[in-house]
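Below is one structure, written out as structure tokens; comments come after it.
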Amino acid sequence: MPTQRLLLEGSAPVRVGGRALDILIVLVEAAGKVVSREELMASVWKKVVVDEGSLRVHVAALRRALGDDGDTRRYIVNIPGRGYSFVGHVSRSAPDNMTGTEPKPHEGRRDLPPLLVNVVGRDDAIREVCCMVAEHRLVTVVGAGGVGKTTVAVAAATQLAALYRDGARFVDLAPLTDARQVTNVWANAIDPSQPVSDERELGALSANLQMLIVLDNCEHVVQAAATVAEAVLASAPGVHILATSREPLRATEEWVNRLASLALPPAMERLTAKQANAFAAVQLFTQRTAATLSGFALADEDVPHVTEICWRLDGIPLAIELAAGRVAQLGLRSLSERLEDRFDVLTKGLSTALPRQQTLHAAIDWSYELLSEQQKAVLRRLSIFAGAFSFDSAVAVCEDELAADPRDAIDELVLKSLVTIDTGTDIARYRLLEVTRAFALEKLKDADELAAASRSHAQHVCSVFERLEAELPLDRAVGDAGQARWIDDIQLAVQASFSTLRDPGLGVRLLAATAPVWYQRSLMDEYRTRAEEALEKAGDLAEHQEATLMRLWLALGVCYWYTMGVGPEQARAFERTYDIAHRSQNVEFERMALWGLWMERNGSAHYAAALDLARKHVALTPPGTELGVEIRGRRMMQLSLHFMGDQASSREEATTALRLLRRTDHRGTLSRFLIDPNVSINAVLCRILWVQGLPTQALAAAAEAVQSARSTQHALTLCFALCTQCTVLLWCGRWADLACQADALTELASDRSLSYWKAWGQTFKDAHAYGAEGVVVPQWRSPFLGAQQLELMGTVSNEFLEVETLARAEADQCPWCAPEVLRAQGEKLLRQGSSPQEAELWFVRSLELSRSSEALSWELRAATSLARCWSIQNRRVEAAALLTGVLERYTEGFDTLDVQRAREMLQA
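For what it's worth, this note's numbering labels the leading residue of the sequence shown as 450, then goes sequentially.
Structure (structure tokens):
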């Protein structure tokens, strides 16, 4: 039955997906002919671009539904290279119960309300309901107010009505104020001339019927509806009932279909208008807006606003339709911004709709007023959660102020569709839809319960993470409690501690305990602001526990590093952490403080001091005792030895660290404030490999680090990987790739307010401008980066070489790049008109230093400069011999910039 979009076997619907059914309809209409894959995909997916694999998957599902075994029962065959063909016997006719010419008793009457608008995004739900009704005699479509239960039920009943001899009837219970009227309204829908007094008489009236009853809006008379439904089902074997309610009827033989909101686009993804319109929520909003605003068509620049609107309204059709009706007055941007006051904005529904469906507030108020006082109080309390929460969290926030146990009330709120539950995780997650939460939060404020609820919520969040801190060592990841679901509640609790509760001490505790979550979410800038505010308002810090302050100072030091780079604030924060940890003999925090101080020394280019701190950190952990800490120590030694110019030892540390990492699940060894260890080791390794004259391996290691970093979905880890990849791309002269990755680094850092990494992104953009176009960007120095930026830019061109960098190289304070700095000084002298002999001295020093440190890449650059200098002095044979000797030691990277320049020099 293509019009009703039903596939029947006998009189029973066959479960088949929407796309598969579309494919069947196209193939049957062309039975005996070959339909190409392109034609099928164009007909079934229309404007949506899919690959051929999707077609094969749906054809396979269709064959399973038809019982097509390819042998004794064949319907669909694949013609290689051409397409598909339906080869079963086809005859076309109306269903038996529609062939008669005599009108049925119900013909000429409006048994079901008409669907005034097309149904968007509910094909699968309607098909599922049809199949359930065919298999079970009582099916209830359950969902939140405004989610579209009636629409789905009526659409399903319209498709199913022809299967029942006496058709379908619609029984609207919404207007009822007395539950005793259920039987009369039901009987009136069947036969107005046959009044009944109770459910037994209604059962007798229905006894000989073959009919589908749509029992709409049962929630306010749910007990009476269940009683009457059971009586009818017992007396009338030919009757099926399709009910809608905000909670199940809890009747005998009931099957529940929970109707979800419309599909929403992925959060934080940039979509085109075409891509966004593939999601039902956006599609509905677009269609309803076009109906009220002539000429409206979704454009790419509209997508962020429309997506935000649909998300803020949870994909609820009623809310989306109300919002679409305000676009003409407010515009998309203004509507998106004003949805914080959604109940004031979404007030103009259809004039023909029930009063409770004409405003969003009325739709939810209808459900709220049906609750008991205990249930209302619990719902108000649950509105204090900003995100998802566990059952234990719900109880913890509710039970302190409520006289009765809130557990039953929570269960009832779930059944009544006011609280949703996701059981797809290890621990069931509960949450309020945003519109429900906004309504309940308004009621919480009206009841003057906001302060009590905020304190209970903040203290619960604090206790969760303080308990976690006590149970897990610092060098372990925070696990489930650190998932994204907690961050909204943490932010809300911290904000409440400063504003509603005026309790900065609680704010200090919260920030100290929850710091790992802010780090995992890369919200360093926001955390730094909050932590500084907490310390400023907390008064006498001596009143706070040292363990709390130690955690807060450590987290604050990390924030300074990732947001502001090197500075006295960072050093002070880690020093205070170390003082408390050392005094209290807390080895875990002592090691983390040493790590922080080590970062600060590296960042300020005090490499020898950083190496001493790395060795001190390693000494605190005997080998084989704590694998995660040992890996961290190896990583610290790897980077320090690299900066100290000992590339061979640095590479050995990397190899050892990677070997240790393979012995464990490295995500489990990730410290709460460190980037992914696999990424960091490979990221530094790519620099080592390049310096050693292995550019191809360096590029591969850099690409692997970035790929691994993207899989972590951790912005700080990705920033680190992109930064090191940009370094290697710069040294290899891969200008196009450098431009792309520098843009990616800058954009990511800007989105997360990570000023330190943004400065590195801009540095690579400036380096690219010179390397690709020969442009020296004015004012390229950044206050966030210091000596490390000067060192890197000194390896780009002598035009970026600063006096202080040269002085550091001569004083052996930057061993990793000293050969290149000395070479750059020689090139700078030549550019300024000095004699070749004067420049030659610098090139020789560079060559000797690069050889002693086994830095083949620096040696090649030094040899190229020295060969050019000798050529000017007519020492061409010596120059050729020098370059040949160095180039012969290269085994890869022949297409990189330095090797090409050396070869060109040799040929000349």
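For glycine and all other residues, C-beta sits at the position ideal for the given N, C-alpha and C.
query                                                                                                                                                                  : result
Going by beta carbon distance, what residues of the same chain come within less than 6 Å of Ala1357, once the five residues before and after it are set aside?         : none
Helix, strand or coil: which one does DSSP assign to Asp1061?                                                                                                          : helix
Could you tell me the distance, in whole angstroms, from the CA atom of Ser821 to the CA atom of Asp1125?                                                              : 50 Å
Where does Arg707 fall in DSSP's three states?                                                                                                                         : strand
Using only the alpha-carbon positions, how far apart do Ala980 and Ile859 sit?                                                                                         : 35 Å
For Gln824, does the count of other Cβ atoms within 10 angstroms reach 16, so buried, or fall short, so exposed?                                                       : buried
Leaving out five residues on either side along the sequence, give the residues of the same chain with a beta carbon under 6 Å from the beta carbon of Glu1359.         : With the chain running from 450 to 1357 in the structure shown, residue 1359 is simply not present.
Between the C-alpha atoms of Leu1123 and Tyr524, what's the straight-line distance to the nearest angstrom?                                                            : 59 Å
What is the residue span of the alpha helix (DSSP H) that Gln1217 lies within?                                                                                         : Reading off the sequence, residue 1217 comes out as His, not Gln. Ser1204 to Glu1222 is the extent of the alpha helix (DSSP H) around His1217.
Determine the direct distance from the alpha carbon of Asp1186 to that of Cys911, and round the result to whole angstroms.                                             : 45 Å
For Thr600 and Cys579, I'd like the C-alpha separation in whole angstroms.                                                                                             : 13 Å
Run the CB neighbour count on Val1252, radius 10 Å, all protein chains shown included, and call it buried at 16 or more, exposed below.                                : exposed
Nearest chain B C-beta to Gly1220 closer than 9 Å, yes or no?                                                                                                          : Given the protein chain composition of this structure (a single chain), no chain B is represented.
Please name the residue or residues paired with Phe1122 in a DSSP beta bridge.                                                                                         : According to DSSP, which records beta bridges pairwise, Phe1122 is partnered with nothing at all.
Taking 9 Å as the threshold (C-beta atoms), are His810 and Phe888 in contact?                                                                                          : yes
Decide if Phe1343 is buried, meaning its Cβ has at least 16 other Cβ atoms within 10 Å, or exposed.                                                                    : exposed
Between which residues of its own chain and Arg904 is the CB-CB distance below 6 Å, once the five residues before and five after are set aside?                        : Leu950
Report the three-state DSSP secondary structure of Ser912 (helix, strand or coil).                                                                                     : helix
Please report the distance separating the alpha-carbon of Leu899 from that of Ala1042.                                                                                 : 39 Å
Report the CB separation of Arg618 from Val663 in whole angstroms; it is logged as a contact under 8 Å.                                                                : 7 Å
Buried or exposed: where does Ser642 fall if 16 or more other Cβ atoms within 10 Å of its Cβ makes it buried?                                                          : exposed
Quick one: what's Phe535 bridged to in DSSP?                                                                                                                           : Ile525
Output the boundary residues of the beta strand (DSSP E) element that contains Phe619.                                                                                 : Ala617 to Asp621
Which residue from Ala1256, Ala1260 and Val1270 puts its Cα closest to that of Met1242?                                                                                : Val1270
If you follow the alpha helix (DSSP H) that Leu587 is part of, which residue opens it and which one closes it?                                                         : Note, Leu587: premise wrong, no alpha helix (DSSP H); beta strand (DSSP E) at Leu587 to Val591.
Leu1336 and Val1348: beta carbons closer than 9 Å?                                                                                                                     : yes
Sorted by chain position, which residues of the same chain lie with C-beta nearer than 6 Å to Leu1250's C-beta, five sequence neighbours on each side aside?           : Gly1243, Ala1273 and Lys1277
Which value, in whole angstroms, describes the spacing of the CA atoms of Arg925 and Arg1081?                                                                          : With a pLDDT of 49 at Arg925, under the threshold of 50, the modelled position of this residue cannot be trusted, and the question is left open.
Assuming contact is defined by CB atoms lying nearer than 9 Å, are Thr869 and Ala593 in contact in what I supplied?                                                    : yes
Just to confirm my understanding: we take Ala606, look at its own chain, exclude 5 residues before and 5 after, and list those with CB closer than 7 Å. What are they? : Leu561, Ala617, Leu661, Val663 and Leu691
Thinking just about the alpha-carbon of each residue, which of Phe745, Ser684, His754 and Gln736 is nearest to the one in Glu718?                                      : His754
Give the DSSP-derived three-state secondary structure of Tyr968 in the structure shown.                                                                                : helix
Using CA atoms only, rank isn't needed, just tell me which of Ala638, Thr1340, Ser1320 and Glu1341 is closest to Leu1355.                                              : Ser1320
Is DSSP giving His906 helix, strand or coil here?                                                                                                                      : helix
Per DSSP, what are the beta-bridge partners of Tyr879 in this structure?                                                                                               : Phe838 and Ile870
So who's on the other strand from Leu457, going by DSSP bridges?                                                                                                       : Pro462
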